[in-house]
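Under the working numbering, think of the first position of the sequence shown as 4, with each following residue one higher.
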Amino acid sequence: MINLIDVQCPHCGANGQIMFPPIGAIIIGPCPQCNEYVVIFCGQCLAVDKKILNSGQRKAIEEHLFMVLSDFIRDRVEDITNDIVGSENSASSEQNDSTNLPSKRKTAITESDFMHFVQSELNSVDDPQAFRDIFKKNDH
Ligand SMILES: [Zn+2]
């Protein structure tokens, strides 16, 4: 039995079916309809820039592909995070994701976050009252 997956070209919207690639495979090729390049990854069809791929510049190609794939992974991680903690912030973060360049990690712990933790929260861990305030149970 041959497993086929439906894919849609992110450039022109053409629909097609491809043989399901081996797990973990990253396949790059041109759309048969518009001839723009796409990358097939985890059953998803992602747009890549043909100009960059044909530029012959190793560094630029590497960075472009990494960006396309990391965008995809970030979206998936965000979905999972929403499942875990709820999606009350999803509206604003979705807007940001589609417009912002994804070069900066929003979730990075800054030095000031760290200092705040060391100076205030870390000291409170031994304080039973503060501990209860932080890890409050909702069942009463
Ligand atoms: Zn296309």
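Note that the Cβ used here is the ideal one computed from N, Cα and C, for glycine as well.
The model shown is predicted, which means the values in this text are computed figures rather than measured ones.
Item	Value
For M70, the residue or residues it bridges with in DSSP	Per DSSP, none; premise fails for M70.
F120, enclosing alpha helix (DSSP H) - first and last residue	Run containing F120: none; DSSP gives neither H nor E here.
Below 5 Å from a heavy atom of ligand 1 - residues by beta-carbon	C12, H14, C15, A17, C34, Q36 and C37
Counted within 10 angstroms of its Cβ, other Cβ atoms place L68 as buried (16 or more) or exposed	buried
Span separating the alpha-carbon of S101 from that of T113	Low local confidence applies: a pLDDT of 47 at S101 is under 50, so the model's placement there is unreliable, and no value is given.
Alpha carbon of S73 to alpha carbon of F23, nearest angstrom	21 Å
N- and C-terminal bounds of the beta strand (DSSP E) containing I21	N18 to M22
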